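Engineer:
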Amino acid sequence: FFYLSRCHHPKPPNHPSENLITMAPPDFTNDERFDGLYLNIANQAQGIEPLLDTVFSFLRRKSDFFSGPPGSGDKGTEKAIATVHGVLQKHADIYLKDKKKETAVLARKEEAKRKKKEIAEKKKEEAEKVVKVEEDVLELDADGGFDISQSSAVEDTKPPAKVQEKTDAKEEAAPLKSDEADKKDEDDDEDDSPPPVGNGGTVDGKYVWTQTLQELYVTVPLPDNTRGKDLNVVMNKNNLKIGLKGNKEFIINDSLTKTIIVDDSFWTIEDGNRLVLTLQKLNQMEWWDSVCEKDIKINIRKVQPESSQLSDLDGETRQTVEKMMYDQRQKAMGLPSADEQKKHDIMQKFKDAHPEMDFSQAKMNM
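Positions 58 to 423 (my numbering) are the ones given, in order, by the sequence shown.
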């Protein structure tokens with residue numbers, strides 16, 4: 058039991074440290090030193106409210122946070138609530154400020170893209186005008202004959218016109234190429250496919266993965282009752298290797314798409330049948346289109362910037378991810394998927410309800 062109200066002791070007079078240069082206290086609002094500890098707690102708590110319960114339970118049971126110093130009475134509890142509200146508001150303000158910055162950055166990018174497109178279109182129009190002006194045509198004079206002076210002028214200016222045409226062709230090709238790139242970007246934006254679940258995807262027969270800007274979460278189905286000592290997990294900054302001891306073939310043995318911070322990455326076994334890896338990205342300002350280089354890629358333009366850890370996903374998305382993981386595990390064991398099992402159960406109920414019917418020759422498409 059410790060006393061929060063006694064954590065700051067006044068310095069005794071003539072203390073030697075008075076003559077030393079004092080260091081500024083750390084900024085706890087952006088302190089990442091305890092992220093690994095909180096991630097482990099979050100994985101076990103399985104939700105925001107249980108995670109907060111663990112924090113306040115610790116303060117209630119092991120400190121005088123709610124009671125305050127002796128003699129505080131109910132004021133100690135009121136001060137504790139006010140402190141929590143103050144800290145919560147402080148972090149809400151930081152979040153809104155960061156979100157405003159992110160929105161401003163996106164707006165600047167969109168504006169730059171729009172200006173680039175306008176410049177390309179303008180160059181294309183100017184190139185078309187130049188080509189049109191330089192189409193030389195001989196006209197008849199008033200007497201019905203050719204105007205020789207005009208012909209000579211045309212002939213004298215023809216070679217430079219050819220040079221100009223070549224230059225204009227190059228200038229015209231540049232905006233056309235830019236237009237093709239813009240068209241490709243527009244095609245990606247007009248893609249009607251849904252956004253990737255959890256900002257990640259599924260690698261059939263291997264794993265399901267999700268991501269945030271800072272981390273990747275890779276869930277690998279395992280045989281029931283698998284323990285840590287049964288696994289061979291090797292995480293390097295640019296390579297990932299996962300396998301079961303005694304098996305020659307690895308579940309994953311490939312180069313990572315991008316670089317990770319190995320010291321801040323870890324893995325755990327959940328429910329004895331799945332391996333969960335948390336990989337810390339080195340560059341925390343970009344999305345990955347796959348975990349490993351040889352895996353199928355996702356469209357990162359469809360990524361939604363939100364937390365994608367399994368415990369933080371909304372109910373429907375989490376059910377979808379858990380169903381994918383269940384189907385992966387069933388497929389690895391040669392068992393039916395959730396949908397196939399559901400059809401089988403419906404058929405079995407129908408058989409039980411109609412014992413007079415012969416189903417020996419019946420076939421059901423899974």
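For glycine and all other residues, C-beta sits at the position ideal for the given N, C-alpha and C.
The structure displayed is predicted, hence computed values, not measured ones.
(1) Ignore the nearest five residues each way along the sequence and tell me which others in K147's own chain have a CB closer than 8 Å to its CB.
(2) Taking the runs of the alpha helix (DSSP H) that are 4 residues or longer, which of them lie wholly in the region 145-175?
(3) With C-beta atoms as the reference, is T316 less than 8 Å away from K294?
(4) Excluding the five sequence neighbours on either side, which residues of its own chain have a C-beta within less than 7 Å of the C-beta of N340, listed in chain order?
(5) With DSSP as the reference, please indicate the residues paired to D311 in a beta bridge.
(6) Do you know offhand how far D352's Cα is from E159's?
(7) For T267, count neighbouring C-beta atoms within 10 Å of its own C-beta (all shown protein chains included) and say buried if the count is 16 or more, exposed if not.
(8) Let me know the secondary structure DSSP gives V348 once reduced to three states.
(9) Tell me the rounded alpha-carbon separation between D409 and I309.
(10) If you draw a straight line from the C-alpha of G285 to the C-alpha of Y274, how long is it?
(11) Identify the continuous alpha helix (DSSP H) that holds V112 and give its terminal residues.
(12) Indicate whether D346 and K354 have their beta-carbon atoms separated by less than 8 Å.
(13) I need the straight-line Cα distance from V260 to P107, nearest angstrom please.
(14) Alpha carbon to alpha carbon, how far is L96 from T335?
(15) What is the C-beta distance between P278 and R386, in whole angstroms, given that I count them as a contact (C-beta under 8 Å)?
(16) Please work out which residues of its chain come closer than 8 Å, Cβ to Cβ, to G125, disregarding the five sequence neighbours upstream and downstream, and give them in chain order.
(17) Could you tell me whether the Cβ atoms of D311 and Q337 are closer together than 8 Å?
(18) Report the partner residues of V291 according to the DSSP bridge assignment.
(19) Grab me the residues of V290's own chain with a C-beta within less than 7 Å of its C-beta, minus the 5 sequence neighbours each way, in chain order.
(20) Alpha carbon to alpha carbon, how far is G130 from V254? Give it in angstroms, no decimals.
(21) So, with DSSP's three-state summary, where would you put G258?
(22) Counting only the same chain and skipping the five closest in sequence on each side, list residues whose C-beta sits under 8 Å from that of Q271.
(23) Please state the DSSP three-state secondary structure of R375.
(24) Expressed to the nearest angstrom, what Euclidean distance is found between the alpha-carbon atoms of T140 and R90?
(25) How many angstroms separate the CA atom of A149 from the CA atom of F307?
(26) In terms of alpha-carbon separation, which member of I357, L301, E373, N356 lies closest to R424?
(27) Looking at chain C, is there any beta carbon in it that lies within less than 8 Å of the beta carbon of P82?
(28) State the start and end residues of the unbroken beta strand (DSSP E) segment that holds I317.
(29) Taking the straight line between their C-alpha atoms, what separation do you get for M382 and E397?
(30) Beta carbon of N256, beta carbon of Q361: below 8 Å?
(31) Let me check one thing: in DSSP terms, what residues is Q268 bridge-paired to?
(32) How big is the Cα-Cα spacing for F113 and E350?
(33) Between which two residues does the alpha helix (DSSP H) holding Q22 run?
(34) Between which two residues does the alpha helix (DSSP H) holding D92 run?
(35) Can you tell which of G391, E168, K388, A395 has its C-alpha closest to the C-alpha of T377?
Structural biologist: Taking the structure as given:
(1) Sequence index remark: in the sequence shown, residue 147 carries index 90 (1-based). Correct list, in chain order: T86.
(2) List check, alpha helix (DSSP H) in window: nothing returned.
(3) Working through the sequence shown from its first residue, we reach residue 316 at position 259. Working through the sequence shown from its first residue, we reach residue 294 at position 237. Cβ atoms of T316 and K294: closer than 8 Å.
(4) Stepping through the sequence shown from its first residue, residue 340 is reached at position 283. The residues are K315.
(5) Numbered from its first residue, the sequence shown carries residue 311 at position 254. Answer by DSSP bridge pairing, in chain order: L297.
(6) Mapped onto the sequence shown, residue 352 falls at position 295. Mapped onto the sequence shown, residue 159 falls at position 102. Cα to Cα, the separation comes out at about 30 Å.
(7) Start at 1 with the first residue of the sequence shown, and residue 267 comes out as number 210. T267 counts as buried, since no fewer than 16 other beta carbons sit within 10 angstroms of its beta carbon.
(8) Counted from its first residue, the sequence shown places residue 348 at position 291. Taken through DSSP and simplified to helix, strand or coil, V348 comes out as coil.
(9) Mapped onto the sequence shown, residue 409 falls at position 352. Mapped onto the sequence shown, residue 309 falls at position 252. Rounded to whole angstroms, D409 to I309 spans 44 Å at the Cα level.
(10) Counting from 1 along the sequence shown, the entry for residue 285 is found at position 228. Counting from 1 along the sequence shown, the entry for residue 274 is found at position 217. About 18 Å.
(11) Here the question's residue 112 lines up with position 55 in the sequence shown. Note, V112: alpha helix (DSSP H), 105-119.
(12) Sequence index remark: in the sequence shown, residue 346 carries index 289 (1-based). Sequence index remark: in the sequence shown, residue 354 carries index 297 (1-based). In contact: D346 and K354 (Cβ atoms closer than 8 Å).
(13) As a position in the sequence shown, residue 260 is number 203, starting the count at 1. As a position in the sequence shown, residue 107 is number 50, starting the count at 1. So the alpha carbons of these two residues sit roughly 31 Å apart.
(14) As a first step, residue 96 is located in the sequence shown; it is residue number 39 there, counting from the start. As a first step, residue 335 is located in the sequence shown; it is residue number 278 there, counting from the start. One C-alpha to the other measures close to 9 Å.
(15) Indexing the sequence shown from 1 puts residue 278 at position 221. Indexing the sequence shown from 1 puts residue 386 at position 329. With a Cβ gap of about 4 Å, P278 and R386 count as contacting.
(16) Counting from 1 along the sequence shown, the entry for residue 125 is found at position 68. Hits under 8 Å: S62, K132, G133, T134, K136, A137.
(17) Translated into positions along the sequence shown, residue 311 becomes position 254. Translated into positions along the sequence shown, residue 337 becomes position 280. No, Cβ-Cβ distance for D311 and Q337 is not below 8 Å.
(18) For the purposes of this step, residue 291 is taken as residue 234 along the sequence shown, with counting starting at 1. Paired residues: K298.
(19) Translated into the one-based positions of the sequence shown, residue 290 becomes position 233. In chain order, I299, W324 place their CB closer than 7 Å to the CB of V290, counting only its own chain and leaving out the 5 sequence neighbours on each side.
(20) Locating residue 254 in the sequence shown gives position 197, counting from the first residue. Locating residue 130 in the sequence shown gives position 73, counting from the first residue. Put simply, the backbone Cα of V254 is about 50 Å away from that of G130.
(21) Position 201 of the sequence shown holds residue 258. Judged by DSSP in its simplified three-state form, G258 adopts strand.
(22) Along the sequence shown, one-based indexing puts residue 271 at 214. Closer than 8 Å at the Cβ level, and outside the excluded window around Q271, lie Q337, K338, Q341.
(23) Along the sequence shown, read from residue 1 onward, the residue named residue 375 stands at position 318. In this structure, R375 counts as helix in the three-state DSSP scheme.
(24) Stepping through the sequence shown from its first residue, residue 140 is reached at position 83. Stepping through the sequence shown from its first residue, residue 90 is reached at position 33. T140 and R90 have their C-alpha atoms roughly 23 Å apart.
(25) In the sequence shown, counting from the first residue as 1, residue 149 sits at position 92. In the sequence shown, counting from the first residue as 1, residue 307 sits at position 250. When rounded, the separation of the alpha-carbon atoms in A149 and F307 is 44 Å.
(26) In the structure as shown, the chain starts at 58 and stops at 423, and residue 424 therefore has no counterpart that could be examined.
(27) Included in the structure is just one protein chain, with no chain C present.
(28) Counted from its first residue, the sequence shown places residue 317 at position 260. 317-327 is the extent of the beta strand (DSSP E) around I317.
(29) What you label residue 382 is simply residue 325 of the sequence shown in a count that begins at 1. What you label residue 397 is simply residue 340 of the sequence shown in a count that begins at 1. M382 and E397 have their alpha carbons spaced roughly 15 Å apart.
(30) Here residue 256 refers to the residue found at position 199 of the sequence shown. Here residue 361 refers to the residue found at position 304 of the sequence shown. Yes, the pair counts as a contact, with Cβ atoms nearer than the cut-off.
(31) Residue 268 sits at position 211 when you count from the first residue of the sequence shown. Answer is L273.
(32) If you number the sequence shown from 1, residue 113 lands on position 56. If you number the sequence shown from 1, residue 350 lands on position 293. Their Cα atoms are separated by approximately 43 Å.
(33) This structure gives no information on residue 22, because the portion of the chain shown stretches from 58 to 423.
(34) Position 35 of the sequence shown, counted from the first residue, corresponds to residue 92. Start and end: 92-102.
(35) Taking the first residue of the sequence shown as 1, we reach residue 377 at position 320. Nearest in C-alpha terms to T377, of all of G391, E168, K388, A395, is A395.
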